[in-house]
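So the mapping is simple: the numbering used here equals the position in the sequence shown, first residue as 1, plus 6. Here is the structure we will look at, set down as C-alpha cells.
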Amino acid sequence: MRYDDEENISMHREDKILNNAYNTGNIDYEQFTSAIKIDERITHLYKDVLSENIVEERTLRILDDKMYEFFTDSPYYEKYKTPKRVDKNDLLKMFYYFKEKLLKEKTFSDVQIFMGFAEFFQVNYSQLYAEIKIEDKQGLLKELDEKFSLNKKIKINKLF
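Structure follows, in C-alpha cells:
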C-alpha cells in the first residue's frame, strides 16, 4: 500500500520483506469505560470468575469432578447412574465411602466433602447432617467455627 498524504507517510512505513504497511505512531483512542457484560448463554462457563471467591468455586468444581470419577468406579454406580433419590439405607454408606476416598486426596476439608456429596447426589443438607455420626457433626461445627467464628455468632453452650 502506498500513502500519498504526507501525514500518513510519516505515520506508516512499509515492511521491505512483505510489502506490508504498519503503523509506527501513537494512536489516539478513547478509553473503554462501560461495563463488560457476558452473554447469558455462556455465563455458566464463567461462574467461578464471577463469584466472590474464585478459589472456593474452582475447588468445588474439582471436587465435583472427583466425585463423578469415584462414582463411576463405585459399587453404587449401576443403581444410581440415572438420577433418582438416594435410598435412606444407602445414604450413610455412600457418604462414608466417598468421604474415605476424598480424604485420601488430602485436598478437601470436611465441610467441602459434606457439601460436595450433598450437591452431587442432591441430598438435603439437613437430612444428611441428621444422618451422619456425632464425630462428623462435631468436626463440621469445629471447622465452621474456625472459619467463620460460628460459636460467637450463635452463642451455643457446649455439653461436654
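Think of the CB as a built atom: it goes at the ideal place given N, C-alpha and C, for glycine as much as any other residue.
Straight-line measurement puts the Cα of residue 116 at about 6 Å from the Cα of residue 146.
The beta carbon of residue 137 sits closer than 7 Å to those of 97 and 98, all from its chain and outside the five residues before and after it, given in chain order. Between residue 88 and residue 158, the alpha-carbon positions lie close to 43 Å from each other.
Under a 10 Å Cβ-count criterion, residue 48 is classified as exposed, with fewer than 16 other Cβ atoms of the shown protein chains found around its own Cβ. Annotation for residue 64: the continuous alpha helix (DSSP H) segment containing it runs 60-79. Annotation: the continuous alpha helix (DSSP H) that includes residue 120 extends over 116-126. About 15 Å separates the beta carbon of residue 92 from that of residue 120, a gap too long to meet the 8 Å contact definition.
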